[in-house]
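Residue numbers (the UniProt record's numbering), protein chains in the order written: chain A, 1 to 257; chain B, 1 to 269. What follows is one structure encoded as structure tokens, with my remarks underneath.
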Amino acid sequence: MLAKERTDEHSEKVIEIKSLYKSFGDYDVLEDATLNLYKGENLVVLGKSGTGKSVLIKIIIGLLSPDAGLVKVLGQTIDEISYAELLALRLRVGFSFQNSALYDSMTVRENLEFPLVRNRRDMTRPEVNETVEEMLDAVGLSQTINQMPSELSGGQRKRIGIARTLILKPEIMLYDEPTAGLDPITSKEINKLINDVQERYHTSAIVITHDLTCAKEVGNRVAMLVERRFERQGSFDEIFSSGDKQAQPFFDYNFIQ
Amino acid sequence: MAIKEQEKTEMPKSAPPPGKLANWFIGLYEVYRFIARFFKEAFLPPYEFKELMRQCYEIGYRSVLLISTTGFITGMVFTKQSRPSLSEFGATSWLPSLVGIALLRTLAPLLTGLISAGKVGSSIGAELGSMKVSEQIDAMEVSATNPFKFLVGTRVLAATITMPILTFYTAMVGMLGALLNVSVNEGTSTVTFFQSALESITYLDIIASTIKAILFGFTIAIVGCYQGYHSSKGTEGVGKAANSAVVTAMFLIFVEEVVCVQIFSLFNT
Chain A
1 MLAKERTDEH
11 SEKVIEIKSL
21 YKSFGDYDVL
31 EDATLNLYKG
41 ENLVVLGKSG
51 TGKSVLIKII
61 IGLLSPDAGL
71 VKVLGQTIDE
81 ISYAELLALR
91 LRVGFSFQNS
101 ALYDSMTVRE
111 NLEFPLVRNR
121 RDMTRPEVNE
131 TVEEMLDAVG
141 LSQTINQMPS
151 ELSGGQRKRI
161 GIARTLILKP
171 EIMLYDEPTA
181 GLDPITSKEI
191 NKLINDVQER
201 YHTSAIVITH
211 DLTCAKEVGN
221 RVAMLVERRF
231 ERQGSFDEIF
241 SSGDKQAQPF
251 FDYNFIQ
Chain B
1 MAIKEQEKTE
11 MPKSAPPPGK
21 LANWFIGLYE
31 VYRFIARFFK
41 EAFLPPYEFK
51 ELMRQCYEIG
61 YRSVLLISTT
71 GFITGMVFTK
81 QSRPSLSEFG
91 ATSWLPSLVG
101 IALLRTLAPL
111 LTGLISAGKV
121 GSSIGAELGS
131 MKVSEQIDAM
141 EVSATNPFKF
151 LVGTRVLAAT
161 ITMPILTFYT
171 AMVGMLGALL
181 NVSVNEGTST
191 VTFFQSALES
201 ITYLDIIAST
211 IKAILFGFTI
221 AIVGCYQGYH
231 SSKGTEGVGK
241 AANSAVVTAM
251 FLIFVEEVVC
261 VQIFSLFNT
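Here's what the structure looks like:
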């Protein structure tokens, strides 16, 4: 099945966000935001820089607390669970950072081993090695295994970051600006990798971006974050062709048009 | 799929921001929570032995050269500066005892503490600060790993373990500096020098020095970790974290020194 055909409104909700509020001091970031992620879909959250897209997924993973509202991930309400339960939940939710956030002092192998050896203590050394090599192979970077993060290009760092996230076999992936700062060819490779991850590991994903090419290539569904709310949700083509006053300027300024 | 418009509801009212005094108490409470979290988490499994060993190497072994140089010079200079006063009373033979007591009771712990605050404290503050800024600490969090245990637990334990060792090493190297000076000027033999120096040192001196070193090591690392862990975003924040780690740790070391001296003097009388 093609990635684009996966969306099914009646399928299971893996993330449920209802009337979410978040502000930093006097600056309101999210206001009455409501959004669902369904099992198996890639949901793209589109919006201008500084509109709270990254804040949204940081709330989902428990890095930030909501001011008000409901955030339910895989059936668990984020601000009601204990720290131990949150850590257990994070095993099932992967987070790929905008700047990759690779550990500078560790090699690529150690970066990938880090979450694995601490969360799968029953694994033997050969099993750990095998899993690390398998993940690097999945992102096409087996040759970098003994390199330091500083020796990698931007695209390679993104891929290693995704591999490190995937190594725990999460059910949900959260991608924060996966193509930010990359050239169009590398961006295309990352988009393909996101679709491959969905196909191969059957993940559901939220992709935060302002890159319309990325949104078009990886999104089964698109939600537009405008003025602190998800004003528009639908397929890429539906939003693109709607001529909506709030959505249209965003498209007008993008090269895709 | 149809395009949806959300139903809008009223936004909840947010509380007014706290004042300066309230912020100070909030900050104090945060420090208390940070220290309490260390004691809660550092001694519970799973343990990070490999990282602890690495930190002991980084904090302890990597400081040896600097500590050796400063310790040796301090011992030598202190002996040289003390000689004129003692010679006025014809008491230069007391130099080994004086240097021994001074080094063990105060100079070695204080010197090791201050040098480590500069070297180790700034390094921990900057390292954790840059990890915070580049979201590496968040990356540990989201990969279901407890970054506090890995980063803070190991560093504070390593500094607390290595500081007493470094302190006694400084005292020993300082004594060698003093020996060199005394040998050249008074022609005292090595055996006589150490016999004289060690005779005046009591078990209480050794215990007091150990306790101070443990306190200093803990303070340097916990302050460095706190500043780094809570550094604000950006490279400026990293610099501030490193700077605050050094300044705060040095200040606290002097305060602890005064308090310890007062407490241990009660046992001496």
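Don't be surprised by glycine CBs; every beta carbon is placed ideally from N, CA and C.
- Query: When the distance is taken between beta carbons, is Phe230 of chain A closer than 8 Å to Thr34 of chain A?
  - Reply: yes
- Task: Could you tell me whether the Cβ of Ser123 of chain B comes closer than 8 Å to any Cβ of chain A?
- Result: no
- Message: Could you tell me the alpha carbon to alpha carbon distance between Gly155 of chain A and Pro147 of chain B, rounded to whole angstroms?
- Response: 26 Å
- Under 8 Å between C-beta atoms, does Leu252 of chain B make it to chain A? So, not an interface residue.
- Item | Helix, strand or coil at Ser23 of chain A according to DSSP, with G and I counted as helix | In the structure shown, Ser23 of chain A sits in a strand (DSSP, three-state: E or B).
- Task: Output yes or no for whether 8 Å exceeds the beta carbon distance between Ala108 of chain B and Ser209 of chain B.
- Result: yes
- State yes or no: is the beta carbon of Ile3 of chain B nearer than 8 Å to at least one beta carbon in chain A? Its pLDDT being 42, under 50, Ile3 of chain B is placed unreliably by the model, and the measurement read from it follows with that caveat. Closer than 8 Å to some Cβ of chain A, the Cβ of Ile3 of chain B qualifies, so yes.
- Quick one: grab the DSSP three-state call for Gln147 of chain A. coil
- Query: What separation, rounded to the nearest whole angstrom, lies between the Cα atoms of Leu116 of chain A and Ile145 of chain A?
  - Reply: 15 Å
- Listed in chain order, which residues of the stretch 98 to 110 of chain A have Cβ atoms closer than 9 Å to some Cβ of chain B? Gln98, Asn99, Ser100, Ala101, Leu102, Tyr103, Asp104, Ser105
- Query: Taking only beta-carbon atoms, is Val152 of chain B less than 8 Å away from chain A?
  - Reply: no
- In this structure, does DSSP put Arg229 of chain A in helix, strand or coil? strand
- Task: Decide if Glu135 of chain B is buried, meaning its Cβ has at least 16 other Cβ atoms within 10 Å, or exposed.
- Result: buried
- Task: Would you tell me roughly how many angstroms separate the C-alpha atoms of Ser122 of chain B and Phe240 of chain A, rounded to the nearest one?
- Result: 52 Å
- Message: Taking 8 Å as the threshold (beta carbon to beta carbon), is Ile160 of chain A in contact with chain C?
- Response: Among the protein chains in the structure shown, which are A and B, there is no chain C.
- Query: Within the chosen definition, does the stretch 174 to 194 of chain A reach the stretch 113 to 133 of chain A through at least 3 CB pairs nearer than 8 Å?
  - Reply: Segment contact: the stretch 174 to 194 of chain A against the stretch 113 to 133 of chain A, fewer than three CB-CB distances shorter than 8 Å; contact not assigned.
- Residues that Leu43 of chain A bridges to, as DSSP identifies them: A:Ile206, A:Arg221
- Message: Quick check: Val120 of chain B and Ile59 of chain B, are their CB atoms within less than 8 Å of each other?
- Response: Result yes, Cβ atoms of Val120 of chain B and Ile59 of chain B sit closer than 8 Å.
- Would you kindly report the start and end of the unbroken beta strand (DSSP E) that includes Tyr175 of chain A? 172 to 176
- Unbroken stretches of the alpha helix (DSSP H), 4 residues or longer, contained in the stretch 199 to 227 of chain B: none
- Residues of the stretch 53 to 82 of chain A whose Cβ lies closer than 7 Å to any Cβ of chain B, in chain order: Ile61, Leu63, Asp67, Ala68
- Contacts around Arg157 of chain A, its chain only, beta-carbon distance under 7 Å, and the 5 residues preceding and following it disregarded: Here Arg157 of chain A has Ser100, Leu102, Pro149 as same chain residues with Cβ atoms under 7 Å from its own Cβ, once five neighbours each way along the sequence are excluded.
- Message: Quick check: Ala205 of chain A and Met173 of chain A, are their CB atoms within less than 8 Å of each other?
- Response: yes
- Task: Would you decide whether Tyr29 of chain B is buried or exposed? Buried here means 16 or more other CB atoms lie within 10 Å of its CB.
- Result: exposed
- Item | Cβ contact (3+ pairs, closer than 8 Å) linking the stretch 62 to 73 of chain A and the stretch 192 to 201 of chain A | Taking 8 Å as the limit for Cβ pairs, the verdict is that the stretch 192 to 201 of chain A does not touch the stretch 62 to 73 of chain A.
- Item | Any chain B beta carbon closer than 8 Å to Asn195 of chain A | Answer no: the Cβ-Cβ gap between Asn195 of chain A and chain B never drops below 8 Å.
- Query: In its own chain, which residues sit with a C-beta less than 7 Å from the C-beta of Glu31 of chain A, not counting the 5 before and 5 after it?
  - Reply: Tyr21, Arg228, Arg229
- Task: Compare the C-beta of Gln6 of chain B against all C-beta atoms of chain A and say whether one is closer than 8 Å.
- Result: Only weak support exists for where Gln6 of chain B lies, its pLDDT of 41 falling under 50; the value from the coordinates is given anyway. It does: the Cβ of Gln6 of chain B has a partner Cβ on chain A nearer than 8 Å.
- Of all the options B:Val255, B:Gly237, B:Cys225, B:Gly177, which has the alpha carbon lying nearest to the alpha carbon of Gln81 of chain B? B:Gly177
- If you drop the 5 nearest sequence neighbours on each side, which residues of the same chain put their C-beta closer than 7 Å to that of Thr170 of chain B? Ile67, Gly71, Ala108, Leu111, Thr112
- Item | Leu152 of chain A - containing beta strand (DSSP E), residue span | Neither: Leu152 of chain A is in no beta strand (DSSP E) and is coded neither H nor E.
- Query: I think Ile162 of chain A touches Val73 of chain A, with their Cβ atoms under 8 Å apart; what is that distance to the nearest whole Å?
  - Reply: With 8 Å as the limit, Ile162 of chain A and Val73 of chain A do not qualify as a contact, their Cβ atoms being about 20 Å apart.
- Message: Excluding the 5 residues flanking Ser23 of chain A on each side, which residues of the same chain have their C-beta closer than 7 Å to its C-beta?
- Response: Its chain contains Val29, Asp67 as the residues whose beta carbon lies nearer than 7 Å to that of Ser23 of chain A, once the 5 sequence neighbours on both sides are disregarded; these appear in chain order.
- Task: Give the straight-line distance between the Cα atoms of Arg120 of chain A and Leu114 of chain B, rounded to the nearest whole angstrom.
- Result: 41 Å
- contact_flag[the stretch 39 to 59 of chain A, the stretch 213 to 228 of chain A] where n(CB pairs < 8 Å) is 3 or more: yes
- Are any of the Cβ atoms in chain B nearer than 8 Å to that of Pro178 of chain A? no
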